[in-house]
Each structure stands twice: as structure tokens, then as C-alpha cells.
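Below: one structure, written as C-alpha cells.
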Amino acid sequence: MPQTGQQENCLCFNYFEEGALVNVKYRSGAKHFKMVAGAELIPYNIDAIADTPECIVTEGELDAASFLATGRADAISVPSGANGNLTWLDRFVESHFENKRLIYIAVDTDAAGLKLRAELLRRFGPERCRIVTYGPECKDANEHLVKYGVESLRIALSQAEEVPLEGAFTADDLAVELRALYENGFGPGAETGWENFDSLCTLELQRLLIVTGTPGSGKSEWVDELVLRLCLRHDWPAGFFSPENIPIVYHLRKLAEKLTARRFQPGLGMTEGLYERITRYLAKHVCHILPKEDFTVDAILSKGRELVARRGIRIFVIDPLNRIEHDMRPGQTETQYLSTLLNRLSGFATRNHCLVVLVAHPRKMNRNAITGQTPRPEMYDINGSADFYNKADFGVVVERDDATGVVRIHVEKVKFKHLGHPGEAQFVYDPVSGRYLPCEEDKSPQTPPERRVRETRFDNACWLPENTEEGVLEL
Numbered sequence: 012m013p014q015t016g017q018q019e020n021c022l023c024f025n026y027f028e029e030g031a032l033v034n035v036k037y038r039s040g041a042k043h044f045k046m047v048a049g050a051e052l053i054p055y056n057i058d059a060i061a062d063t064p065e066c067i068v069t070e071g072e073l074d075a076a077s078f079l080a081t082g083r084a085d086a087i088s089v090p091s092g093a094n095g096n097l098t099w100l101d102r103f104v105e106s107h108f109e110n111k112r113l114i115y116i117a118v119d120t121d122a123a124g125l126k127l128r129a130e131l132l133r134r135f136g137p138e139r140c141r142i143v144t145y146g147p148e149c150k151d152a153n154e155h156l157v158k159y160g161v162e163s164l165r166i167a168l169s170q171a172e173e174v175p176l177e178g179a180f181t182a183d184d185l186a187v188e189l190r191a192l193y194e195n196g197f198g199p200g201a202e203t204g205w206e207n208f209d210s211l212c213t214l215e216l217q218r219l220l221i222v223t224g225t226p227g228s229g230k231s232e233w234v235d236e237l238v239l240r241l242c243l244r245h246d247w248p249a250g251f252f253s254p255e256n257i258p259i260v261y262h263l264r265k266l267a268e269k270l271t272a273r274r275f276q277p278g279l280g281m282t283e284g285l286y287e288r289i290t291r292y293l294a295k296h297v298c299h300i301l302p303k304e305d306f307t308v309d310a311i312l313s314k315g316r317e318l319v320a321r322r323g324i325r326i327f328v329i330d331p332l333n334r335i336e337h338d339m340r341p342g343q344t345e346t347q348y349l350s351t352l353l354n355r356l357s358g359f360a361t362r363n364h365c366l367v368v369l370v371a372h373p374r375k376m377n378r379n380a381i382t383g384q385t386p387r388p389e390m391y392d393i394n395g396s397a398d399f400y401n402k403a404d405f406g407v408v409v410e411r412d413d414a415t416g417v418v419r420i421h422v423e424k425v426k427f428k429h430l431g432h433p434g435e436a437q438f439v440y441d442p443v444s445g446r447y448l449p450c451e452e453d454k455s456p457q458t459p460p461e462r463r464v465r466e467t468r469f470d471n472a473c474w475l476p477e478n479t480e481e482g483v484l485e486l
């Protein structure tokens, strides 16, 4: 076994799909584990739930076997315990879970198990899930079976509880989060790897980030890199509603160039091997939606919810707002409509544990008749409502100065102080890689505009992980 480098007697758990052996997990008496190298991770006993109206999801093969002992054949186990990600689930959501009217979540009740439970609820939807709890001094189904017997485990399953009512919470409902906050305080937000930006603002799931800037300022390009950095550093898969990036392959090309700092072409640009790696990575971590019927908010959020369930996305980008087909009720003002829309986006972020990124255009900024300069927009200048500032958790303005070549990222709002504060970060845009390079700006009036860029941090490294199955990378 890899933990000891020695041979050990093991139980062998065979992973079948449609009757074919796909993987084997070896478990020794010392709780050392090994799976077949290179074999696909699939749920244990997945064939048993292909056509069942219910199923039981456990955290280990012995827990699934414990429910099998009670007479329930529809028990499965996640393949890699609570510590692995759920990418193995993606291709089974539609084929094996979409038809389930009831899903029992019977994972461990330790901290890792509770984290797994939360992610399973997010993917399956809490309305059709039930939570199984165990007897005193038992953290999983197998311990309960050993200590209290088969009939007691049947009773525990029959007494599985509904997920707490959405929108109403007690301290008991939030016990894990409350304990973590008590013991550890506010945790840091998610960094991007742009040190100048991270010193101002770190990001968090269940939040709404609104980005604005004049046409041509590069706000969509900046958002693309922001998303890729979060995906690389934190393994946050992303979904895009970006109808201005049509055909979608054009957008994928831009993302590939940002990730690799290589031209998306054969020969001196991108090798065939690198092309294969980048397409695998993008297929796993990025998805686009383009509703066939309409671009209404309902259609977009419905597709977004499907991406949460099927692909486990953590970032949902809507770029831009003005491509949504707005459906205002009779008598409803634009301000009232936009307030409701922003509430829905915030609600989507909260319910689905996502970061929602909304790109919105400002009103037309008029040139100053005396100076001849056009002022940069602010969050309050976004067309239609002051609520774009009021209801954002994070507010960012992208400003491009053509005279100096500097792109200024103005962080105008960070709702929670532990996540950051307003300020400005300067960048230079690299047209070859499509990346934003941190720099410093000499703002002295005596310095000619073309010489104001200082200390640019160049980066032409390929960010793509060597193993595209691993999604986290330090930038």
C-alpha cells in the first residue's frame, strides 16, 4: 500500500458501471487505501440506482454496504470520501439523479462530512433531499450498524429529516458555521494572484460582483482573466452567459491564450500537446449557456441552476446586462424592475453558493467642454438605477487610459470590511497573451504620458497545470 510501501491484506471494492469493472478500491485493516492508477472515479454501486425513484448517498463503501444489509439496494458511495471534489458526479447527474424524487444524504457527521453534505445539497437541490443522522457516539452508518443493529439503522433512515426551511434559520441550523466563526474569526477571501488587486479586495462565494466601464475599456477581458485566476487558484468552475462572445469558440480561443500565453495556432504558437491539454482543461472548468428560446432572466437563471447541478459551477458570469431580454410588468418602473433583478441575482448567488459576476454598461459619459476630457464612470453611473451600487457586494470600475496605456481597476465597493476596502490597482494590458500585468503609475504632471508606466510585472508563463485533472494552481 502506498501509505506503508508494504503488502497488506485488503478488502477489494469493485466499481462497476453497466456491468463493466471500471475501478477497484483496496482497503486494509489499518484503513490504508489505494485505487487503480488512471482509472475513472465513479460512484460505488452506481448501477443499483439507474432506474430507482430514490437513492441513498454515503461517504464510504462500508456505509453503503450497511444500508444494503437493511434491505435497501439503492445505496451508493462517493468514490473518494469527503475530501475529494465532486467532478466525478458531473456525468451522472442527468442519467442517474435527475429522475430521483427523494435522495437520502447519509454522509459522516464530522466536519469534512458536513462540508460534503452541503455540496451534495447544492448539486441535487435541498427540496428533494433528506438528512440521515445516527445514534450517540456514531458518525456514520457503519458505526451505527455495528453498535445498534440493522433494525435501528432502518429506523434512522425512516427518520431522516427534511432540509431546514429555506429563509428561516436558527443557531442550531448554523451550528457548524457559528463554531468556525467563533474559533477562527473571519476567514480570508479568495485571492486572484494579482497582488495589487488582492491588497484591496478578496472575493467570496454567495456574493454579487458588478463590473462596469465605458465601451472599449476592457471590462469583459478583465472579467475573463479574473474568472480564470479564481478557477486556477481555487478550483471554481465557471459558467458564462456571454452572447457578445459568439461564436463560443472565439471566446474559448481567448481563454486558451490567457491560460497559456501562447497564440492559439499551430507551429510557433501552440503545440499539439498543449492544445490537447488546454481543451481538456477548458472542457472541465468552463461552460457556456445560450438559451434557445429567449434571453430572459428566467431562462438564464434556469440554465445557470442546471450548470450548478450538472457541472458544479462556482462562478456565474452574465456579460453584459443589456443583452438580457427585460420583461417589465405593467406599471413597473425601470428602477423597480432593476431592483428586483438584482435581488434575484443575489438570491441565486446565495442559494447556489456561487459568485455571480454581472457586467453592466454605464450611461453615456459626456465630454467636459472645457478640458475636453471624458470623466470615468462610477458605480452610480450604471444605466438605470443607483441599486447597482447599493445592492452589489463588490463594485469594480474598469478604466483604460489610452494616453498612458494604463488600465486602472477602481474597487469602489467591498461590502464586508474583512474582504477589503475601496482603492485603485493599475495594470498594463498585454495584447499578445490577453493578460493584465500589474504595474505602477507615475502620476506626476511633469512626466510625459507615454512614460508613466513603471515596474510592470511581466508574465509569459503557461498557467495550465501539468496534470489537467488537478484544477488548483498557485499563480
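Counting in this note's numbering, the sequence shown runs from 12 upward without gaps. Yeah, the Cβ is synthetic: ideal placement off N, Cα and C, and Gly gets one too.
Closest in C-alpha terms to V35, from the list D62, Q14, Q17, E72, comes E72. Here F327 is buried: its Cβ has 16 or more other Cβ atoms, across all protein chains shown, within 10 Å. Contact between W233 and Y400 is absent: CB atoms are separated by about 19 Å, not below the 8 Å threshold. Unbroken beta strand (DSSP E) stretches of 3 residues or longer found wholly inside the segment 40 to 118: 44 to 46, 65 to 69, 86 to 88, 113 to 117, given in chain order. Closest option to V89, judged by alpha-carbon separation, among D101, A80, T81: D101. Shown here, G323 sits in coil according to DSSP, grouped into three states, outside any helix or strand. Taking a contact as a CB-CB distance under 8 Å, the pair P331 and A371 counts as one, their CB atoms being some 6 Å apart. Within its own chain, the residues whose Cβ lies closer than 6 Å to the Cβ of V174, once the five positions on either side in sequence are excluded, are P137, C140, listed in chain order.
Runs of the beta strand (DSSP E) spanning 3 or more residues and lying entirely within the segment 246 to 295 occur at 249 to 252, in chain order. Boundaries of the alpha helix (DSSP H) around Q347: 345 to 363.
Going by beta carbons, R244 and G280 fall outside the 9 Å limit. In the DSSP assignment, H299 falls within the unbroken beta strand (DSSP E) covering 297 to 299.
Taken through DSSP and simplified to helix, strand or coil, A179 comes out as coil.
Using a C-beta cut-off of 8 Å, the segment 211 to 226 makes contact with the segment 416 to 436, since at least three inter-stretch Cβ pairs fall below that distance. Contact between F251 and H296 does not hold, since the beta-carbon distance rounds to 11 Å and is not under 8 Å.
For N25, the uninterrupted beta strand (DSSP E) run begins and ends at 21 to 28, by DSSP. Excluding residues up to 5 positions away in sequence, D246 lie with their Cβ nearer than 7 Å to the Cβ of N96 in the same chain. Residue state for L366 is assigned as strand, using DSSP reduced to three classes. In this structure, the straight-line span from the alpha carbon of A86 to that of R411 is close to 56 Å.
Under the three-state reduction of DSSP, E461 is assigned to helix. Put simply, of D235, S313, P442 the residue whose alpha carbon is nearest the alpha carbon of S253 is D235. Looking at the DSSP output, P449 sits in a beta bridge with F438. By the C-beta density criterion, K269 is buried, having at least 16 other C-beta atoms within 10 angstroms. A residue is called buried when at least 16 other Cβ atoms come within 10 angstroms of its Cβ; D338 does not meet this threshold and is exposed. Within its own chain, the residues whose Cβ lies closer than 6 Å to the Cβ of S350, once the five positions on either side in sequence are excluded, are D398, listed in chain order. For K426, there is no enclosing beta strand (DSSP E), as DSSP marks it with neither H nor E.
DSSP links V417 through a beta bridge to D412, V439. M376 has its alpha-carbon roughly 13 Å from the corresponding atom of M390. One Cα belongs to G284, the other to G445, and the distance between them is close to 21 Å. V422 and R355 do not touch by the CB rule: their CB atoms are close to 24 Å apart, not below 8 Å. By the neighbour-count criterion, in which a residue is buried when 16 or more other Cβ atoms sit within 10 angstroms of its Cβ, C66 is buried.
DSSP places V234 in the helix class (H, G or I) of the three-state scheme. In the structure shown, the three-state DSSP call for V222 is strand. Proximity to T81 across L156, G196, G278 peaks at L156, based on C-alpha coordinates. Looking at the DSSP output, I142 shares a beta bridge with I116, E172. R218 is positioned such that its CB atom lies closer than 9 Å to that of A360.
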